[in-house]
Amino acid sequence: MPPMTSEPKIDTRSYRDLVGRFATGVTVVTVNDAGTYRAMTANSFTSVSLDPLLVLVCVTRDASMHDPIHEAGTFAVNLLSAGQRPISELFARRGELTEPMGGVPFRIGGTGSPLIDEALGWFECEVWREYDGGDHTIFIGRVVDMELAGPTREPLLFFGGRYRTIAPDS
Ligand SMILES: Cc1cc2nc3c(=O)[nH]c(=O)nc-3n(C[C@H](O)[C@H](O)[C@H](O)COP(=O)(O)O)c2cc1C
0 MPPMTSEPKI
10 DTRSYRDLVG
20 RFATGVTVVT
30 VNDAGTYRAM
40 TANSFTSVSL
50 DPLLVLVCVT
60 RDASMHDPIH
70 EAGTFAVNLL
80 SAGQRPISEL
90 FARRGELTEP
100 MGGVPFRIGG
110 TGSPLIDEAL
120 GWFECEVWRE
130 YDGGDHTIFI
140 GRVVDMELAG
150 PTREPLLFFG
160 GRYRTIAPDS
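Residues in the sequence shown are numbered from 0 upward in steps of one, following numbering that gives the first Met the number 0.
Listed below in structure tokens is the structure:
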């Protein structure tokens, strides 16, 4: 194999433009940080394994929930529905929330993590492994509970740096 060049001549803007062409759903990752609920919009969610049931999410090291996920050892992934763009925008903003979960309706799951009302569904996870992902940490979660809450609800999508919804069948 040819040796890897140590400094690829790719700028961050070009990288973001291309990676943004990969269409995804939108999730909100939540954690119970010793009684304080934290939530972060994330589209790095991926299903990983069926046996055991594993999912992953990549969390930037400077996110306020980064260390709490490690400390709590549990988190939840809420799959957002089409009408939940304001929730995605709320939890993509940096900074502390003035009220629990910013006033977004939720309930608490078995892991203690917030589960957002009207989502498509939730995965509740125990941290299975943590891997170095550069300026992110890759948290692999073992799914300990889940619910398909709205089988007929439409998803919120993200593509090209913009929110989308599925176009109706023609
Ligand atoms: C659509 C979308 C997807 C995002 N996906 C991720 C992600 O997968 N991982 C991540 O660390 N940040 C992601 N972000 C950025 C975080 O939501 C944002 O940095 C976060 O709210 C940090 O705020 P905090 O540090 O105050 O908690 C995403 C933002 C948007 C709008």
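Glycine is no exception: its CB is placed at the ideal position from the N, C-alpha and C atoms.
Since the structure is predicted, the reported quantities are computational estimates derived from the model, not experimental observations.
Helix, strand or coil at residue i according to DSSP, with G and I counted as helix
i    : result
D168 : coil
E88  : helix
A38  : strand
L17  : helix
T11  : helix
Residues sharing a beta bridge with residue i, DSSP
i    : result
D66  : For D66, which the question treats as bridged, DSSP gives no partner whatsoever.
L49  : L52
G120 : L78 and L147
T59  : H135
Cβ-based burial, residue i [other Cβ within 10 Å; buried from 16]
i    : result
L147 : exposed
F122 : buried
P150 : exposed
A75  : buried
G48  : A small correction: the amino acid at residue 48 is Ser; Gly does not occupy that position in the sequence shown. Exposed.
A38  : buried
Can you pull every residue whose C-beta falls closer than 5 Å to some heavy atom of ligand 1, listed in chain order? M39, T40, A41, N42, S43, V58, T59, A62, S63, A91, R93 and F157
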